[in-house]
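Colleague:
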Amino acid sequence: MKVTSYAVARPGSMDRNSSSILSGYDAIVGPHSQTQRTAYTVPASRKANLEALFFRVSRSSNATVAGAVYSFIKIYNATSQAVVLYPTDSAITTGVIYANLIGTGMTVYAGESVQSYTADGSTGGTVYYIVSAKLTEFDA
Amino acid sequence: MIIRVALIGSGTQSDPYRPDLPTSSVIATNETTGRAFADVPVADVSPDVAAFVNAYPTLDLTTPLPVPFPQSLANAWAEHLARRYDLGNARWHPVVF
């Protein structure tokens with residue numbers, strides 16, 4: 009007797025209509041209030057793997073008075089949020105304040121939004137921010 | 074595509090300055106004028122909005138548009154995003170500014 013299975017393995021996420029999402033911000037700016045730099049929202053019926061995050065923040069011209077300089081990434085849904093990274097520091101003179109490259113295995117679900125922000129509470133001076141994220145979106 | 078959009082928010086931790094878009098990468102902002110250049114996925118921009126943006130190119134974050142962004146296009150853009158993301162009550166109301 010021939011036995012036939014109708015079970016078919018579901019393709020992996022990378023083979024389910026996947027697309028790459030590159031989200032980044034790269035600029036030198038002066039002191040500023042909290043400002044969103046990137047946002048990526050997962051549409052209905054999709055998911056995304058958050059594969060890597062990168063931050064580099066360096067003071068490019070001296071501040072008169074150093075305040076908190078930060079960039080961070082949050083994941084939001086309709087009712088709550090999770091802070092993924094929130095490095096913060098202050099420095100009055102030029103130089104790298106912090107830099108991180110992080111590989112993540114986080115899955116982001118439909119309706120959730122990956123957002124990055126920067127702020128600088130100093131007086132005077134400028135800071136160079138690079139904030140980026142790499143995701144792969146695919147059918148849920 | 075790069076679009077000069079209005080910023081919403083007040084710059085506080087609970088209400089940061091931001092474009093009213095589900096997906097974007099900001100290139101530059103001017104909190105004083107309330108404008109930002111944002112890189113928006115082409116799929117998130119309806120053809121009529123893209124046509125408006127192409128018809129009225131903007132070079133800085135201060136000079137006002139020669140004509141205001143029509144409310145009918147703003148409504149159409151909001152509907153386009155709501156259909157594309159299909160996330161129930163989630164709504165965005167971006168404005169070319």
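For the record, the sequence lines run as chains A and L.
Each number in our numbering corresponds to the 1-based position in the first sequence with 8 added.
Each number in our numbering corresponds to the 1-based position in the second sequence with 73 added.
Every residue gets a Cβ at the ideal spot worked out from N, C-alpha and C, and that includes glycine.
1) If we define contact as Cβ-Cβ less than 8 angstroms, is Y48 (chain A) a contact residue for chain L?
2) Pull out every residue of the stretch 17-34 of chain A whose Cβ sits closer than 7 angstroms to any Cβ of chain L, in chain order.
3) With distances taken from CA atoms, which of L:A123, L:T102, L:F142 is nearest L134 (chain L)?
4) Along the chain, where does the alpha helix (DSSP H) that runs through E152 (chain L) open and close?
5) Under a three-way DSSP split, which group does D147 (chain A) fall into?
6) So, T131 (chain A) versus A71 (chain A), is the Cβ gap smaller than 8 angstroms?
7) Assuming the contact rule is C-beta atoms closer than 8 angstroms, V113 (chain L) and T46 (chain A) should be a hit. Round their C-beta distance to whole Å, please.
8) Helix or strand or just coil, what does DSSP make of N25 (chain A)?
9) Tell me whether E152 (chain L) is buried or exposed, calling it buried when 16 or more other Cβ atoms sit within 10 Å of its Cβ.
10) Indicate whether the contact test is met: 3 or more Cβ pairs, each with one atom in the stretch 107-126 of chain L and one in the stretch 65-82 of chain A, closer than 8 angstroms.
Modeller: Taking the definition as stated:
1) yes
2) S31, G32, Y33
3) L:T102
4) 144-158
5) strand
6) Yes, the pair counts as a contact, with Cβ atoms nearer than the cut-off.
7) At roughly 12 angstroms, the Cβ-Cβ gap does not stay under 8 angstroms, so V113 (chain L) and T46 (chain A) are not in contact.
8) Reduced to three states, the DSSP call for N25 (chain A) is coil.
9) exposed
10) no
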